[in-house]
Structure formats: structure tokens, C-alpha cells
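>
Protein chains: 2
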Amino acid sequence: MSVKQFIEKDKDRLLEELMALLRIPSVSADSAYKKDMLSAAEFLKIKLLEAGVDSVEICPTAGHPIVYAEKIMDPSWPTVLVYGHYDVQPPDPIELWESGPFEPIIKTTDRHPEGAIFARGACDDKGQMYMHVKAFEYMMREQKMYCNIKFMLEGEEEVGSPNLGPFMRENQERLACDVILISDTSMLGNESPSMTSGLRGLSYVEVEVTGPNRDLHSGTYGGAVANPINILAKMIASLQDEEGRITVEGFYDDVLEVSAEEREAMAKAPFDLADYKAKLGIDDVSGEAGFSTMERASIRPTLDVNGIWGGYIGEGAKTVLPSKAYAKISMRLVPNQSSEQITALFKKHFEALAPASVKVVVTPHHGGEPVLTPTDGIEFQAAAKAYEQTFGKRPIPLRAGGSIPIVALFEEILGAKTVMMGFGLDTDAIHSPNEHFGVFNYFKGIETLPYFYEHFRAMKEA
Amino acid sequence: MSVKQFIEKDKDRLLEELMALLRIPSVSADSAYKKDMLSAAEFLKIKLLEAGVDSVEICPTAGHPIVYAEKIMDPSWPTVLVYGHYDVQPPDPIELWESGPFEPIIKTTDRHPEGAIFARGACDDKGQMYMHVKAFEYMMREQKMYCNIKFMLEGEEEVGSPNLGPFMRENQERLACDVILISDTSMLGNESPSMTSGLRGLSYVEVEVTGPNRDLHSGTYGGAVANPINILAKMIASLQDEEGRITVEGFYDDVLEVSAEEREAMAKAPFDLADYKAKLGIDDVSGEAGFSTMERASIRPTLDVNGIWGGYIGEGAKTVLPSKAYAKISMRLVPNQSSEQITALFKKHFEALAPASVKVVVTPHHGGEPVLTPTDGIEFQAAAKAYEQTFGKRPIPLRAGGSIPIVALFEEILGAKTVMMGFGLDTDAIHSPNEHFGVFNYFKGIETLPYFYEHFRAMKEA
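Spelled out as C-alpha cells, the structure:
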């Protein structure tokens with residue numbers, strides 16, 4: 001039967017399996033969920049075995065385990081390594097969810113008239129990862145396998161994949177492949193397929209500003225002693241000038257300017273600014289002068305304060321001049337900025353900003369390199385052809401705003417390119433409350449993926 | 001017997017009674033402690049009756065009750081109204097206390113070689129308030145009463161005394177007095193008595209900045225959508241210029257410049273900048289250009305961010321572009337700034353600072369007017385004479401940095417001046433962890449207060 005028939009016949013089961021996976025609160029950032037991480041790994045192991053892999057191993061790491069499985073049809077065939085992650089973002093703030101983050105429910109929305117599954121991880125990344133398991137099940141059942149397939153499903157993507165690099169280095173032979181396939185990105189729309197041809201990098205730091213050695217009474221000391229919150233605000237404010245450019249010394253040195261032609265091509269992608277603002281409830285967008293909204297969110301580097309706290313933040317008023325103020329700051333990077341270099345530049349710049357009246361500590365978190373996938377390569381071409389078959393139009397190549405730090409690692413350690421076949425939508429609210437994934441999108445992914453393998457094999461042997 | 005003999009003979013009891021009061025966690029800001037508020041009021045009622053008042057009433061209000069007591073010796077005598085508060089600041093952050101905030105313990109320190117009582121409220125205001133109850137007990141026992149005494153002890157000073165004004169307006173006749181006496185301020189040192197001749201006012205607001213209508217993924221949207229934390233930082237940073245002056249339009253219009261002569265007199269107070277910095281663990285002080293450290297903390301208005309929060313502030317990294325950012329901001333005011341006017345000016349200025357990409361809401365909290373006590377008035381003179389008797393030197397008149405908002409109310413509603421006889425030290429860490437009050441200071445207050453009544457009566461009848 002065709003893959004569409006397969007989906008139609010088994011659609012309830014296909015949805016119920018995904019929902020069972022979504023019920024497991026596999027939050028990697030919080031050690032309280034350690035047991036659930038194992039449960040999710042075990043679930044995947046069982047499903048992969050049922051789908052027909054030769055073997056599955058739950059590989060322990062210093063953190064959460066990596067689920068590794070393979071189906072080798074023929075050593076002479078090309079090998080595709082499917083990467084996904086079974087861990088999810090923390091669900092907070094929970095009070096903003098309309099249904100439980102780990103109680104998946106299908107509801108219809110404007111952009112998902114056929115319904116969407118609402119749960120933390122529905123889109124990022126369980127729904128998109130599980131499409132691959134079901135596509136594999138189909139190909140095995142209908143004997144439509146064209147490539148060897150290896151699955152590498154980790155549990156720490158949301159916390160920076162600290163153990164993935166070491167795992168890949170220790171298992172280079174086992175993981176040998178011709179291409180890595182990932183579904184953890186989005187498309188422009190259900191009528192406007194697009195593929196991510198580039199990812200931004202990430203630099204993430206935590207800063208701590210200390211003034212006096214204890215909290216002080218703001219009457220007794222206010223005006224005479226530097227307030228670390230006021231100072232931190234000044235330091236953060238100075239990081240961006242009036243043109244929206246980041247002032248960290250050397251920040252833009254390695255940025256590859258995008259050609260006028262490519263910018264023109266990107267500008268052809270459908271984008272409705274009024275709708276964009278209306279959906280976000282904002283009166284105005286804001287960013288680097290000289291670039292459009294879509295460009296600011298994809299081809300330009302950025303700086304965002306992800307969290308800030310200090311002083312008294314409870315109920316009512318407290319007149320304290322606090323000892324400390326903190327912030328979590330991250331920067332999205334573009335080719336050819338280097339995450340390590342940018343982090344070092346930021347640290348140096350920020351520490352130098354501090355007046356003598358305070359002390360500053362900058363602590364780096366995990367980062368990731370920016371990535372570019374050549375649109376003329378067979379990896380991209382095979383995928384584009386698959387989308388064209390199931391959507392009726394070629395996907396527009398777009399550079400994404402987000403980061404998947406391990407993609408740069410793949411090329412470095414395994415020597416293969418990555419192709420990103422995403423089926424989510426930007427409005428699926430990943431990392432936010434009420435995250436969801438369209439039923440249409442889930443099934444479209446299962447339908448599209450088998451064509452990728454077919455075309456990749458054909459193009460490789462051509 | 002003399003008051004010193006009284007103190008010596010009963011010193012253990014005098015300390016134990018205060019410690020019993022300190023054990024009651026009478027935190028007014030937190031409704032969880034409502035029962036303890038009543039316990040503290042009941043405790044005071046009993047002690048006042050035992051000391052010899054004619055009557056005590058625990059007067060209900062819309063919030064915590066006011067303890068009102070009186071001892072009328074002779075209607076023709078002057079009447080002193082003693083004000084104090086039995087509520088205390090919240091104890092957090094609790095982890096920074098070396099002993100329990102409500103488990104009073106006496107420990108010696110460099111500045112308190114005779115020991116200090118460590119507990120929340122030891123200095124602000126239970127220790128200083130209770131000195132008055134014990135001084136009264138002494139004067140009654142030894143028949144050394146010179147004035148009628150009325151006690152008005154409230155339970156909401158730390159939350160802005162919202163019900164005190166109404167209480168005073170409803171009880172104007174009952175509260176009729178010639179002077180109000182308060183002990184809720186500090187002296188320069190145990191060898192350097194000083195008296196507060198002025199208080200700063202207070203304006204307190206909470207601000208909320210909203211960007212997008214939900215938390216966003218900072219990769220998908222970062223760089224294209226205004227981040228309310230970044231915006232809030234810019235807005236706060238702009239509130240003070242490089243000279244340390246506040247930029248709110250109209251802010252300084254009503255400030256009475258302090259004369260060169262008065263500044264010279266203030267500069268005579270002993271102040272060791274190196275010691276000040278060393279005790280606070282800072283390498284540099286910081287404030288308005290053209291003013292000394294002590295001036296910045298007393299005769300100049302200020303702006304401090306007391307709390308700030310927004311985005312992800314938990315463990316690890318989360319790449320969120322948050323929907324909202326918040327801050328609690330307060331300003332200390334000097335004569336003749338008006339709290340209501342400054343709050344209105346701030347609100348107008350801050351709202352106008354907001355770019356079109358965010359929405360700002362400014363919510364005022366309680367405030368208070370600045371105050372000046374004439375040093376040539378008999379209130380001040382009687383108190384200064386009392387200090388001279390027990391310390392061996394006249395107290396230096398100093399303007400305090402902190403606010404006691406209801407002092408301005410007293411003059412307005414009761415038509416009498418307030419004299420502030422403080423016995424705490426700036427290093428007693430009020431509003432901070434490990435708050436304490438010297439045993440020397442507690443006993444010195446009890447010793448000094450009876451002389452005030454004697455001199456006030458004499459000066460009034462002269």
C-alpha cells in the first residue's frame with residue numbers, strides 16, 4: 001500500500017503512540033525527572049524493535065542515555081543516520097497552559113484546522129522525531145527500504161547535548177553514515193513548504209554583578225552605594241546601540257555578509273508583517289537597522305537577555321539595595337562566527353564594562369556553531385524533491401533563527417552533511433506554553449520521509 | 001534608685017522580655033503571619049499594663065491592630081505621644097542568617113563588645129520601641145514621671161502604615177499631645193551620639209514591561225522582536241545620567257538646596273570612608289557628582305531598583321525571549337519634594353520612555369513625605385540635653401537617609417512636632433539578614449529617655 005494508505009488505515013494508532021510518548025515528562029534540565037528520562041528511552045527502544053530494527057541499545061552516558069538502533073539492509077547501500085531528541089524543555093510557566101503540558105490533547109486552531117496535538121515536546125522534538133520511527137515502520141512493512149538506517153536519539157538536546165560529542169567520538173565507526181537526517185525545525189506554512197538551509201549558532205552566558213557584601217537598607221545607603229541592579233541595567237543597555245547593533249568589541253568581525261542576490265531570494269518567501277505583529281500582540285517590530293524582520297531573525301547575529309533577577313521580587317514593597325543582580329544572556333550567531341570566540345569576546349567586554357564599585361563574574365554555558373547546508377548538494381536536493389512530491393511545490397530554502405548546536409559537531413566528527421526536514425510551524429509555540437504540532441504535519445512528515453530515502457539512494461548512485 | 005541602678009538590677013529580665021517579643025514572627029507584609037501579629041499586640045498590652053498605664057486598647061483597623069495606651073498623671077502637664085511599630089520586615093533571604101531570624105541570641109561583635117541581640121526586628125523596631133515601655137516602667141516605679149504619656153504602637157509600618165492616618169483622623173482628640181517621640185533611627189556610634197533632624201521621603205512604584213503576548217523561542221524570534229528585558233534595562237539605565245543625576249523630568253524642581261553652612265556642619269560628623277567601604281566589601285562608593293558619601297545618603301534624592309525579574313531565572317539555560325519584565329523602583333526624596341508629585345512625574349516620564357514595541361504599566365505603591373525637625377525647637381533641645389547627660393557629649397544633628405512616612409502625617413493631623421531619639425547603629429543591618437541591636441544601646445535608651453521627659457517639661461514651662 002502507499003504511505004498515504006498506511007497512514008489513513010492506522011491513524012488512530014499512530015496518534016495514540018505519539019501521545020503515549022508525550023505523556024512521559026522527559027525534562028532533561030531538571031534532575032527531578034531522571035526516572036522519566038529512562039522511561040522515554042525505554043519506550044523508544046520498544047517501538048523501534050517493533051518497527052523492525054536489527055538491534056537497539058540504550059547507551060549510558062555521564063548524563064541521560066542515548067538510544068541507538070540500526071537496520072542494515074546491505075552494506076553497499078547508502079546509510080542515513082537519523083538524529084532526534086526525546087528530552088523536552090521545562091514546561092513552566094505552567095499556569096499559562098490551557099491543558100496539562102504532559103496531558104496531550106488534540107484541538108483545532110486557525111493554522112491547524114485538522115487539529116493539533118497540544119503537549120510539551122509535541123513539535124520539539126517528540127512529534128517530529130517519531131515521524132521517523134513510523135516512516136521506518138512503513139518502509140519495512142511495505143519493503144520500501146532504500147538505505148540503511150541508523151537511529152541516534154539523545155536525551156540532552158535542551159541542555160546543550162554535553163555528552164553527544166564524546167559519544168560520537170567514541171563510536172565513530174559504529175555511526176559511520178553518508179548523511180544525517182533531522183526533523184527539529186519548521187516550515188513557513190502547511191501550504192508553503194520550506195527547508196532550513198542554515199542555522200544560527202549560540203553563545204550563552206550567565207552574569208553576576210555584586211555590589212555591597214550584603215543586602216542594604218535603601219534609605220541608609222541609597223544614593224551613596226552602587227546598586228548592582230542599576231549597574232547591571234546600564235551594562236546590558238550598553239550592549240546594543242541605537243541602530244540595534246551589538247557593541248561587544250569584535251562581535252561582527254567574522255560575520256559573512258549575505259549577498260544581495262541571496263537576500264533578494266529570501267525576500268520572496270511569503271511574509272505578512274501585519275499578521276506577524278498581530279499574532280504576537282505587538283505594535284511594532286524592532287531590530288538591527290538596515291535589515292528586514294525575517295533577515296533579523298535569520299541572517300543576523302543577536303543578543304537577548306533570557307532571564308534577569310535581583311533584589312526583592314516577592315509580594316509588595318521592600319526597600320532593599322541588594323547585594324547581587326544576575327542575568328542569563330545569549331547571542332545567536334551566523335556564519336562564520338565562532339561560539340567559543342564570541343563567548344570570550346563577550347566576557348572580556350562585559351567585565352571591562354563594570355565600574356570599580358561592583359564585581360562581575362561571567363560564566364559560560366553551552367554554545368553551538370552556526371551551520372550552512374549547501375542547497376546544491378544531493379542531501380538537500382533529495383529532500384527538496386521529497387517535499388515537492390507530497391506538497392506539490394518545491395520547498396523554499398530558508399535560514400533558521402534557532403540553533404541546533406550538534407549539527408556543526410556532526411560534520412566535524414562524522415564527516416557528513418546534515419539535512420533538516422522540518423514539518424513544524426513557527427506558531428507551534430516551542431519553548432512556550434501551549435506547544436503543539438499539527439496532525440496534518442505529523443502525517444505529512446511520515447508521508448514525505450520515505451521519498452527522501454528513495455531519492456537520496458538514486459542521486460548517490462547516479 | 002537611679003535609672004542606671006534599675007537597669008543593672010533587672011538587666012536579665014529586661015533582656016528576656018525583649019527576646020520574648022522578638023520570638024514572635026510579626027511580619028506585616030505576609031498574610032501567613034496574621035496570628036503572630038495579634039500575639040505581638042497582646043504581648044505589648046500585657047507589658048504596658050504591668051508597667052502601669054491607666055488603660056490599653058488593641059484597636060482594630062482594616063489591617064493589623066494599633067495598640068493604644070495612656071497614663072495621664074495631670075491634665076495640666078505636657079503630653080508626650082510615643083510612637084513605635086511592632087511589625088517587622090520579612091526575614092528573607094533566610095539562608096544568609098547565621099542564627100534564626102526569630103530565635104534571638106546575644107553575640108558580641110566589634111562594634112558591640114558588650115553583645116548585641118540578633119533577630120529580625122531587634123533594632124527596627126522592637127528593641128527601640130520596647131526601651132520606651134521599660135523607661136516608662138522605671139519612671140512609674142520611682143515616681144519620676146514628668147509628663148503624661150500616650151503610647152501608639154502600630155503593626156503596619158513596614159507596609160506603609162495604610163491605616164494609621166485614618167486612625168489618627170478618627171481619634172484626633174484622644175491622641176492630642178505636645179510632641180511625638182519615636183525611636184526608629186540610628187546614631188553615628190556608641191561613642192558618637194547623633195540625632196536625626198530630618199528624614200527623606202519615599203516614592204515607590206512597580207513597573208511591568210510587556211513585549212510579545214507569550215514567551216517566545218529566542219532563536220525563532222530573537223533579533224526581530226523587542227525583548228522586554230533588554231528594553232527595561234535601557235529604560236532603567238536612562239533614569240540616571242553619567243553624573244549620577246536622575247533624569248526624570250521635573251525631578252529636582254522642588255528640592256531645597258542645603259546651605260553651605262549646614263553642609264560644613266554636617267561634614268564635621270566623624271566618617272571614615274575607608275572603613276565604610278571595607279565594611280561593605282566594595283572598592284568604590286558611587287553617587288551624584290558634587291556631593292560627599294554622607295550627603296548622597298541624606299540630603300540628596302535618589303533612585304534605586306529594589307527588585308527586577310523577567311524571563312527564565314531557574315537552574316541552567318533556557319533560550320526564551322520572554323513576554324514580560326518587571327521591576328520595583330523607589331526614590332528617596334528630600335524637602336520639599338512631594339511623594340505624590342514625584343510618583344506622578346516618574347510615571348509620566350517612564351511611560352514616555354517606552355518604545356512602540358512594548359507596553360508599560362506603572363503601579364504606585366505607598367510613599368511618604370520628607371521631614372525636617374527644627375534643631376532650635378524645645379523638642380529637639382530637650383532630647384539633645386538628655387543625650388548629653390548620658391553620653392557625656394551633645395548629639396550631632398544629622399539628616400537620615402531613610403524614611404518614616406508617617407512622621408509627616410503626625411504634624412499634619414496632630415499638629416505637633418516629632419523628635420527622633422534613635423539608639424541603633426547603621427551597621428545593625430536593619431532590613432538585612434543578621435539584624436541586631438546592641439545590649440549597650442538598648443540599656444542606653446532606657447537610661448536616656450527619662451531625662452527627655454524631665455527636660456521637655458522644664459522647657460515647656462519655662
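These protein sequence lines are chains A and B, in that order. Note that full-length UniProt numbering has the first sequence beginning at 1, numbered continuously upward. Note that full-length UniProt numbering has the second sequence beginning at 1, numbered continuously upward. Cβ coordinates follow ideal geometry from the N, Cα and C atoms, glycine included. Predicted model, so just to flag it, every value in this text is computed and none were measured.
(1) For the region 155-171 of chain A, list every residue whose C-beta sits within 9 Å of some C-beta in chain B, in sequence order.
(2) Anything in chain A within Cβ reach of P193 (chain B), meaning under 9 Å, just list it in chain order.
(3) From B:F151, B:L181, B:V209 and B:L21, pick the residue whose C-alpha is nearest to that of A119 (chain B); which is it?
(4) In the DSSP output, what is A69 (chain A) paired with across the bridge?
(5) Which stretch, first to last residue, makes up the beta strand (DSSP E) that contains L398 (chain A)?
(6) In the DSSP output, which residue or residues are listed as bridge partners for W309 (chain A)?
(7) By DSSP, does Q240 (chain A) sit in helix, in strand, or in coil?
(8) Given that W97 (chain B) touches chain A, what residues does it touch there, using C-beta distances under 8 Å?
(9) Hey, is N213 (chain B)'s beta-carbon within less than 8 Å of any beta-carbon in chain A?
(10) Are the region 244-258 of chain A and the region 215-226 of chain A in contact at 8 Å, needing three or more beta carbon pairs?
(11) Within 8 Å of any Cβ in chain B, is that where the Cβ of T220 (chain A) sits?
(12) Kindly indicate the opening and closing residues of the beta strand (DSSP E) around M1 (chain B).
(13) In or out: I329 (chain B) buried (at least 16 other Cβ within 10 Å) or exposed?
(14) Give the list of continuous beta strand (DSSP E) stretches no shorter than 3 residues that lie fully inside the region 103-191 of chain A.
(15) If you follow the beta strand (DSSP E) that H85 (chain B) is in, where does it begin and where does it stop?
(16) Can you list, in chain order, the residues of its chain with a C-beta nearer than 8 Å to that of V305 (chain B)? Leave out the 5 residues immediately preceding and following it.
(17) Whose Cβ in chain B lies nearer than 9 Å to the Cβ of P104 (chain A)?
(18) Confirm, please, whether the CB-CB distance from L449 (chain B) to M129 (chain B) is below 8 Å.
(19) Does chain A have any CB closer than 8 Å to the CB of A119 (chain B)?
(20) Taking Cβ-Cβ distances shorter than 8 Å, what residues in chain B pair up with T293 (chain A)?
(21) Which residue wins for smallest C-alpha separation from S28 (chain B), given the options A:A317, A:L96 and A:Q337?
(22) Look at the alpha carbon of I117 (chain A) and the alpha carbon of G438 (chain A), and state the distance between them as a whole number of angstroms.
(23) Residues in the same chain with beta-carbon distance under 8 Å from K11 (chain B), minus the five sequence neighbours each way, listed in chain order, please.
(24) Between which two residues does the alpha helix (DSSP H) carrying M459 (chain A) extend?
(25) For a contact meaning CB atoms closer than 7 Å, what does S330 (chain A) contact in chain B?
(26) What first and last residue would you give for the alpha helix (DSSP H) that runs through S39 (chain A)?
(27) By Cβ distance below 6 Å, which residues in the same chain neighbour D125 (chain A) in space, the five residues on each side in sequence not counted?
(28) From this set, B:L232, B:N190, B:V88 and B:D36, which residue's C-alpha is nearest residue 497 (chain B)'s C-alpha?
(29) Count the other CB atoms, across all protein chains shown, that sit within 10 Å of the CB of T378 (chain A); report buried if there are 16 or more and exposed otherwise.
(30) Can you list the residues of chain A that V362 (chain B) reaches, using a CB-CB cut of under 7 Å?
(31) CB K359 (chain B) to CB T210 (chain B), shorter than 8 Å?
(32) Within 10 Å of its beta-carbon, does S259 (chain A) have 16 or more other beta-carbons around it, so buried, or fewer, so exposed?
(33) Between the beta-carbon of N163 (chain B) and the beta-carbon of E156 (chain B), is there less than 8 Å?
(34) Between the region 204-219 of chain B and the region 425-440 of chain A, are three or more C-beta pairs nearer than 8 Å?
(35) Output yes or no for whether 8 Å exceeds the beta carbon distance between L81 (chain B) and I180 (chain B).
(36) Give the DSSP-derived three-state secondary structure of Y252 (chain A) in the structure shown.
In brief:
(1) Residues of the region 155-171 of chain A whose Cβ lies closer than 9 Å to any Cβ of chain B, in chain order: E158, V159 and G160.
(2) Neighbours of P193 (chain B) on chain A: none; closest Cβ ~17 Å, over 9 Å.
(3) That would be B:L21, whose Cα lies nearest to the Cα of A119 (chain B).
(4) Answer is A:V56 and A:F151.
(5) Note, L398 (chain A): beta strand (DSSP E), I396 to R399.
(6) Note: W309 (chain A) sits in a beta bridge opposite A:Y326 and B:W309.
(7) Three-state result, Q240 (chain A): strand.
(8) At a C-beta separation below 8 Å, W97 (chain B) has no neighbours in chain A, since its nearest C-beta there lies roughly 11 Å away.
(9) Taking 8 Å as the threshold, the shortest C-beta distance from N213 (chain B) to chain A falls below it.
(10) Counting Cβ pairs under 8 Å, fewer than three are found: no touch.
(11) Taking Cβ atoms only, chain B reaches closer than 8 Å to T220 (chain A), which makes this a yes.
(12) M1 (chain B) -> no beta strand (DSSP E), and no H or E assigned at all.
(13) By the neighbour-count rule (16 or more Cβ atoms within 10 Å), I329 (chain B) is buried.
(14) For the region 103-191 of chain A, whole beta strand (DSSP E) runs of length 3 or above, ordered along the chain, are 105-107, 116-118, 148-154 and 179-182.
(15) For H85 (chain B), the enclosing beta strand (DSSP E) covers residues T79 to H85.
(16) By the criterion of a C-beta distance shorter than 8 Å, V305 (chain B) is surrounded in its chain by I236, A327, K328 and I329, once the five residues flanking it on both sides are discounted.
(17) Correct list: empty, because the minimum Cβ distance to chain B is about 19 Å.
(18) At the C-beta level, M129 (chain B) and L449 (chain B) stay beyond 8 Å of one another.
(19) Not one chain A Cβ lies under 8 Å of A119 (chain B).
(20) Within chain B, the residues near T293 (chain A) are A224.
(21) For S28 (chain B), the nearest C-alpha among the options comes from A:A317.
(22) Going by the C-alpha atoms only, they are around 6 Å apart.
(23) Closer than 8 Å at the Cβ level, and outside the excluded window around K11 (chain B), lie F443.
(24) Note, M459 (chain A): alpha helix (DSSP H), V439 to E461.
(25) Those within 7 Å of S330 (chain A) in chain B are S218 and T319.
(26) For S39 (chain A), the enclosing alpha helix (DSSP H) stretches over residues K34 to A51.
(27) Correct list, in chain order: G84, H85 and D184.
(28) In the structure as shown, chain B starts at 1 and stops at 462, and residue 497 (chain B) therefore has no counterpart that could be examined.
(29) Reading off the sequence, residue 378 (chain A) comes out as Ile, not Thr. Buried, since its Cβ has 16 or more Cβ neighbours within 10 Å.
(30) The CB of V362 (chain B) never comes closer than 7 Å to any CB in chain A; the least such distance is about 14 Å.
(31) Against a cut-off of 8 Å, the Cβ pair of T210 (chain B) and K359 (chain B) comes out as a contact.
(32) The residue in question, S259 (chain A), is exposed, as its Cβ has fewer than 16 Cβ neighbours within 10 Å.
(33) Yes.
(34) With a cut-off of 8 Å, the region 425-440 of chain A and the region 204-219 of chain B count as touching, because enough Cβ pairs lie within range.
(35) Cβ distance < 8 Å, so L81 (chain B) and I180 (chain B) count as in contact.
(36) Y252 (chain A) falls in the coil class under three-state DSSP.
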